[in-house]
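Per the numbering used here, the sequence shown starts with residue 5, numbered consecutively.
Backbone N, C-alpha and C define an ideal beta-carbon position, used for all residues, glycine too.
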Amino acid sequence: MPRFFYLFLLLSIAANGSTLLVLGDSLSASYGISEENGWVQLLSADLEPQYKIVNASISGDTSGNGLARLPRLLEEFNPNYVLIELGANDGLRGHPLKLLKTNIEKMILMCQDKNIEPLLFGMEIPANYGRRYSGNFAAIYPSLALQFKIPLMPFQFEDLATSKSMIQADGLHPSLEAQKIIKSRVKSFLTPILKLEPGL
Numbered sequence: 005m006p007r008f009f010y011l012f013l014l015l016s017i018a019a020n021g022s023t024l025l026v027l028g029d030s031l032s033a034s035y036g037i038s039e040e041n042g043w044v045q046l047l048s049a050d051l052e053p054q055y056k057i058v059n060a061s062i063s064g065d066t067s068g069n070g071l072a073r074l075p076r077l078l079e080e081f082n083p084n085y086v087l088i089e090l091g092a093n094d095g096l097r098g099h100p101l102k103l104l105k106t107n108i109e110k111m112i113l114m115c116q117d118k119n120i121e122p123l124l125f126g127m128e129i130p131a132n133y134g135r136r137y138s139g140n141f142a143a144i145y146p147s148l149a150l151q152f153k154i155p156l157m158p159f160q161f162e163d164l165a166t167s168k169s170m171i172q173a174d175g176l177h178p179s180l181e182a183q184k185i186i187k188s189r190v191k192s193f194l195t196p197i198l199k200l201e202p203g204l
């Protein structure tokens, strides 16, 4: 995320009202497209002024990076909710799954210790390291959601991954056309959690 935009967010968060912090990687950081067209910004436009959204996502971030950044983000923004969208880069790099799970556990506990509600974004990866690894990777998210009794956004993007118009030329990142679809699905997940007003 461009530094000037991050600083703008830091200075413009309202002193009152509810805040949702998105802690993610390139999926949420609008990789390859302009930031204002990414799904997080589209969601922000839908939810304001009822909710402020802070996009603290950085392309390439791992769960370890997110864990290291989270304390300062919680202190700076004091969010009501944190959507944890991390782990894909761990999986694509073949990192130990036990470490990934531990890092996400620590992020969840860090939020709960501050009475902030953590929300978990389910992830899946290609079977680059074998089906057993990718299957165990995907199973981490529902397991943690059940363990900590927190909401889980299921991975619902298989249809995008198989459509050429929905994926950038790198074969990994969602295209501009996919952003509205992602926004719509995330919004549907968030609606009962955030108790969004009808018509938002």
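Could you name the residues of the same chain whose beta carbon sits closer than 7 Å to that of residue i, not counting the 5 residues immediately before and after it, in chain order?
{"i": "Leu-14", "result": "Unreliable positioning characterises Leu-14 in this predicted model, as indicated by a pLDDT of 45, which lies under 50. The coordinate reading is nonetheless provided below. Same-chain partners within the cutoff: Glu-80."}
{"i": "Lys-184", "result": "Leu-46"}
{"i": "Ala-191", "result": "As written in the sequence, residue 191 is Lys, which differs from the Ala given in the question. These residues qualify, in order along the chain: Leu-47, Asp-50."}
{"i": "Leu-101", "result": "Asn-140, Phe-141, Ile-144"}
{"i": "Gly-98", "result": "Tyr-133"}
{"i": "Pro-57", "result": "In the sequence on display, residue 57 carries Ile and not Pro. Result list for Ile-57: Leu-24, Val-26, Val-44, Leu-47, Ser-48, Leu-51, in chain order."}
{"i": "Leu-156", "result": "Leu-124, Gly-126, Tyr-145, Pro-146, Ala-149"}
Who pairs with residue i in a beta bridge, going by DSSP?
{"i": "Thr-58", "result": "Correcting the residue type first, residue 58 is Val in the shown sequence and not Thr. Note: Val-58 sits in a beta bridge opposite Leu-25."}
{"i": "Ile-171", "result": "Pro-178"}
{"i": "Phe-125", "result": "Met-157"}
Cutting at 8 Å between CB atoms, please list the residues of its own chain near residue i, excluding the five before and the five after it.
{"i": "Ile-129", "result": "Ala-92, Gly-95, Leu-96, Ser-138, Phe-141, Ala-142"}
{"i": "Gln-116", "result": "Pro-122, Phe-152"}
{"i": "Leu-27", "result": "Ala-60, Ser-61, Gly-70, Arg-73, Leu-74, Leu-77, Val-86, Leu-87, Ile-88, Glu-89, Leu-90, Met-111"}
{"i": "Ile-17", "result": "Low confidence applies to Ile-17: its pLDDT is 44, below 50, so where it sits in the model is not reliable, and the reading given next is rough at best. Same-chain partners within the cutoff: Thr-23, Lys-56, Val-58, Phe-81."}
From what residue to what residue does the beta strand (DSSP E) around residue i run?
{"i": "Leu-87", "result": "85-89"}
Please list, in chain order, all residues of the same chain as residue i whose beta carbon is under 6 Å from its beta carbon, the five residues on each side excluded.
{"i": "Leu-11", "result": "Interpretation of Leu-11 is limited by its pLDDT of 43, a score under 50 that renders its predicted location unreliable; no figure is taken from the coordinates."}
{"i": "Asp-65", "result": "Asp-29"}
{"i": "Ser-169", "result": "Glu-181"}
{"i": "Asn-84", "result": "Ser-22, Thr-23"}
{"i": "Leu-198", "result": "none"}
If I follow the unbroken alpha helix (DSSP H) through residue i, where does it start and stop?
{"i": "Lys-199", "result": "First-last for Lys-199: undefined, no H or E at that position."}
{"i": "Asn-140", "result": "135-152"}
{"i": "Thr-166", "result": "Run containing Thr-166: none; DSSP gives neither H nor E here."}
{"i": "Asn-107", "result": "101-117"}
{"i": "Pro-53", "result": "Per DSSP, Pro-53 belongs to no alpha helix (DSSP H) and is neither H nor E."}
{"i": "Pro-75", "result": "67-81"}
{"i": "Asn-93", "result": "92-96"}
- Determine contact between the region 53-64 and the region 27-44, defined as no fewer than three beta-carbon pairs at a distance below 8 Å. Segments in contact, yes.
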